[in-house]
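Peer 1: Residue numbers (UniProt numbering): 1 to 441.
Built from N, CA and C at the ideal position, the CB exists for glycine as well.
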């Protein structure tokens with residue numbers, strides 16, 4: 001069953017759809033074909049609602065953000081965006097909506113109003129995976145949505161519900177458009193209940209999501225601050241110095257340890273950039289040895305997750321069984337190498353943030369070197385940006401290998417640290433300002 005959305009005109013901008021969600025019903029909301037623009041919310045569909053107790057139980061009684069204060073409704077959504085050449089595209093996203101919250105207060109005892117948090121997801125090679133399939137244990141859901149944050153998680157081009165023919169992995173511009181348009185769509189959803197949305201928008205992402213979050217922040221600050229009231233951003237464990245990251249991991253080691261995902265991340269990036277730019281190889285065999293050359297394009301994305309593909313690659317991260325020697329030598333020795341130039345074009349250190357920015361990661365990460373966060377911090381700080389650097393390495397169990405700093409511990413630890421030290425204090429300060437204004441009325 002689907003209902004057409006009645007229209008109303010907001011304070012600014014184009015007509016907005018009033019999206020009505022009724023519990024866990026299957027009512028969906030669709031737009032007329034005439035209403036087409038980037039960020040248009042086309043439809044929503046409720047998937048599941050997790051009670052507070054289920055969220056706590058799924059996290060073994062210790063969610064990263066503390067015991068849940070809210071139930072969380074997971075909603076699958078579709079919205080309008082663009083492809084890598086600006087052509088129209090429809091993407092999917094998830095909304096994690098706080099419901100039935102215990103009374104939440106911010107600074108000065110002011111009742112909490114809902115902020116919007118956009119969370120850019122990490123690397124996903126399985127085409128059909130959607131953010132709306134999140135379990136109650138999902139760290140974004142349990143750290144933020146279960147504590148009163150409305151969260152939107154885009155699935156990116158070529159993933160989830162997108163029919164785009166490929167996923168432009170680590171392509172900064174299309175990552176940015178996917179995230180920006182997801183924020184606009186989520187704002188449209190939240191405007192249905194103006195009393196509860198604070199109007200504050202926050203941004204974060206981990207791993208590939210860190211790269212995507214920084215790309216989206218750059219795009220928002222350049223072109224969208226009049227439509228997206230971005231208050232703070234937290235890119236986490238992302239490869240912001242992309243060319244240098246690949247050069248340093250070229251031998252299959254990062255931070256002095258085997259980078260067990262290096263072969264896959266190289267393969268995904270090469271296949272992606274060939275789709276985007278068309279000049280990385282004539283055939284996959286120019287870059288990859290057999291049997292990889294015969295299958296690699298069907299894996300990224302394809303039917304398997306990164307974990308499911310691990311057995312197809314060297315366990316020690318050795319790259320030489322994957323790539324052709326001539327390609328490997330040219331990449332390492334030739335600054336004009338085509339892949340190096342394309343990686344450099346997607347570096348994210350050539351701008352200066354104006355919005356408060358927190359860079360988080362683990363200094364013992366053996367997948368995406370923490371040197372990325374240090375480099376971004378140094379460059380941004382030198383240009384006067386409001387930036388801080390957070391390191392969660394000391395919170396990881398001492399026996400954990402460097403890969404686990406990235407794949408197991410880094411995300412939930414960074415989420416909890418950023419929430420406690422960056423986002424919550426910002427929301428408390430906003431609440432205090434509201435309280436002061438009310439006292440002076």
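#1: For residue 71, write down the residues that DSSP places opposite it in a beta bridge.
#2: How many Å lie between residue 130 and residue 214 at the Cα?
#3: Please list the terminal residues of the continuous beta strand (DSSP E) segment that includes residue 46.
#4: For residue 391, name the three-state secondary structure that DSSP assigns.
#5: Which term fits residue 31, buried or exposed, when burial requires 16 or more other beta carbons within 10 angstroms of its beta carbon?
#6: With respect to the beta strand (DSSP E) encompassing residue 160, which residues constitute its N-terminal and C-terminal limits?
#7: Would you call the segment 128–148 and the segment 216–223 in contact, with 3 or more CB pairs under 8 Å?
#8: Out of 370, 169 and 205, which one is the CA nearest neighbour of residue 256?
#9: Please work out which residues of its chain come closer than 7 Å, Cβ to Cβ, to residue 73, disregarding the five sequence neighbours upstream and downstream, and give them in chain order.
#10: Express the C-alpha separation of residue 165 and residue 244 in angstroms, rounding to a whole number.
#11: Is it the case that the CB of residue 267 approaches a heavy atom of the ligand NAD more closely than 7 Å?
#12: DSSP puts residue 88 in a beta bridge; with which residues?
#13: Going by DSSP in three states, residue 216 sits in which element: helix, strand or coil?
#14: Could you compute how far the alpha carbon of residue 43 sits from the alpha carbon of residue 95?
#15: Rounding to the nearest angstrom, what Cα-Cα distance links residue 83 and residue 435 in this structure?
#16: Would you report the Cα separation of residue 391 and residue 404, rounded to the nearest angstrom?
#17: For residue 71 and residue 431, I'd like the C-alpha separation in whole angstroms.
#18: Is it the case that the Cβ atoms of residue 113 and residue 197 are separated by a distance below 8 Å?
#19: DSSP three-state label for residue 115, please.
#20: Using 8 Å for Cβ pairs, my map puts residue 229 next to residue 200. What's the rounded Cβ distance?
#21: Report the start-end ranges of each beta strand (DSSP E) in the segment 348–436 that is 3 residues or longer and not cut off at the edges.
#22: Note down the Cα distance separating residue 123 from residue 103, rounded to an integer number of angstroms.
#23: Count the C-beta pairs between the segment 343–353 and the segment 315–331 that are closer than 8 Å, then say yes if the count reaches three, no if not.
#24: Determine the closest residue to residue 372 out of 254, 407, 300 and 295, with distance taken between C-alpha atoms.
#25: Quick check on DSSP: helix, strand or coil for residue 316?
#26: Can the beta-carbon of residue 40 be found less than 8 Å from the beta-carbon of residue 80?
#27: Can you check DSSP and say which residues form a bridge with residue 120?
#28: Between which two residues does the alpha helix (DSSP H) carrying residue 276 extend?
#29: In three-state terms, what does DSSP make of residue 233?
#30: Judging by CA-CA distance, which residue of 144, 266 and 239 is the nearest neighbour of residue 360?
#31: Could you check where the beta strand (DSSP E) with residue 152 kicks off and where it finishes?
#32: Is residue 336 helix, strand or coil by DSSP?
#33: Given this structure, state the Cα-to-Cα distance separating residue 189 from residue 421, to the nearest angstrom.
#34: Is it true that the CB of residue 342 sits closer than 8 Å to the CB of residue 273?
#35: Tell me the DSSP bridge mates of residue 310?
Peer 2: Based on what the coordinates show:
#1: 99
#2: 22 Å
#3: 41–50
#4: strand
#5: In this predicted model, residue 31 has a pLDDT of only 44, less than 50, meaning its place in the structure is not dependable enough to derive any value.
#6: Run containing residue 160: none; DSSP gives neither H nor E here.
#7: no
#8: 370
#9: 46, 49, 97 and 99
#10: 29 Å
#11: Because no ligand of any kind appears in the structure shown, any question about the ligand NAD cannot be addressed here.
#12: 82
#13: helix
#14: 12 Å
#15: 44 Å
#16: 15 Å
#17: 23 Å
#18: yes
#19: strand
#20: 6 Å
#21: 357–361 and 387–391
#22: 36 Å
#23: no
#24: 254
#25: coil
#26: yes
#27: 205
#28: 262–277
#29: strand
#30: 239
#31: 150–154
#32: coil
#33: 28 Å
#34: yes
#35: Residue 310 is not bridged to any residue.
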